[in-house]
Ligand code: MF3
Ligand code: CO
Ligand code: CO
């Protein structure tokens, strides 16, 4: 393989956990910022009566207008730029023509590709006024994500992240979805390591400076079990109770981690805006 082939070769998922340097951090900062700005851009549109298809159109246009690509468009046959997961939908809800109703809560998940780097993030939104149970579930899920992020530092292990998330959520009498996990990312969308949102301290892969991955806990009001609908994507809680999720893309630094997908305007909890 000559130099040109080597630099153009697509990154393959070979199981090894990649350790990135400053160029990778710069790439992820740009991708993460645009993903966060896309979620900021959608916030005022989330109102009763709007369809998730309209949100998807707005996201696609926003991302393309910024010279980037929606990573989910065409990914494994997925045809949309967002996942929109309403009420009891855990994740991978498909945008469509059903209008949001007052009090609906939903997760909007976007992944953008900027100069080859993937920025993947999701937040909870509400159409109109969510009820107190829904608000509390969303608050706890956000705090669970941030506690997981606080455990993401060199020398810790992936199990320390999962344990921080699970012990907090279960102490609030919620349950953690075990069927989906966070994932390495960078020049690939889904790479190693898997980041489980449950676990025991000291278990799993050791975290090292330069690792990039997402943390994206799904927290249920009821039981943890989920099923996939016949569309092959939509994951719902089996007991049809409410569920919530937040997601950030992060990079491990020498002292802790850098969050690539922070909202530049502080809209980290759009439902509370
Ligand atoms: N963004 C999702 C994640 O957090 C993946 C969505 S894949 C799709 O990993 F095809 F469902 F869009
Ligand atoms: Co993700
Ligand atoms: Co995502």
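Numbering (my numbering), first residue to last: 85 to 357.
Even glycine gets a Cβ: it sits at the ideal position worked out from N, Cα and C.
Straight-line spacing of the CA atoms in residue 193 and residue 285 works out to 28 Å.
DSSP, reduced to helix, strand and coil, places residue 295 outside both helices and strands of the structure shown, so it counts as coil.
Using a Cβ distance threshold of 8 Å, residue 335 and residue 105 do not count as a contacting pair. The Cβ neighbour count for residue 258, taken over all protein chains shown within 10 Å, is at least 16; the residue is labelled buried. Around the C-beta of residue 241, 16 or more other C-beta atoms lie within 10 Å, and the residue is accordingly described as buried.
Note on the stretch 177 to 244: whole beta strand (DSSP E) runs with a minimum of 3 residues are 189 to 198 and 201 to 210, in chain order. Counting C-beta pairs with one atom in each stretch, the stretch 328 to 344 and the stretch 198 to 211 have three or more that are closer than 8 Å, which means they touch. Between residue 346 and residue 281, the alpha-carbon positions lie close to 20 Å from each other. Within 7 Å of the C-beta of residue 331 there is at least one heavy atom belonging to ligand 3. A Cβ-Cβ distance of about 7 Å is found for the pair residue 135 and residue 180, placing them in contact under the 8 Å criterion.
Contact between residue 301 and residue 249 holds, since their C-beta atoms are separated by about 5 Å, short of 8 Å. Within the stretch 110 to 171, the runs of beta strand (DSSP E) at least 3 residues long that lie entirely inside it are, in chain order, 166 to 170. Taking a contact as a CB-CB distance under 8 Å, the pair residue 120 and residue 348 counts as one, their CB atoms being some 7 Å apart. Around the Cβ of residue 128, a 10 Å sphere holds fewer than 16 other Cβ atoms; the residue is exposed.
Rounded to whole angstroms, the Cβ separation of residue 154 and residue 196 is 6 Å, and the two are in contact under 8 Å.
Residue range 275 to 279 is occupied by the beta strand (DSSP E) that includes residue 276. Cβ contact annotation for residue 147 (same chain, cutoff 8 Å, sequence separation greater than five): 118, 122, 153, 154, 165, 194 and 196, in chain order. Assignment of residue 335 by DSSP, reduced to helix, strand and coil, places it in the strand class. For residue 195, the distance from the CB to the nearest heavy atom of ligand 3 is below 7 Å. Straight-line measurement puts the Cα of residue 357 at about 17 Å from the Cα of residue 328. Residue 224 and residue 303 do touch by the CB rule: their CB atoms are close to 6 Å apart, below 8 Å. Taking all protein chains shown into account, residue 145 has fewer than 16 neighbouring C-beta atoms within 10 Å of its C-beta and is therefore exposed. Non-local beta-carbon contacts of residue 290 in its own chain, meaning distances under 6 Å to residues more than five positions away in sequence, involve 241 in chain order. Minimum Cα-Cα distance from residue 315 among the listed residues 98, 99 and 175 corresponds to 175.
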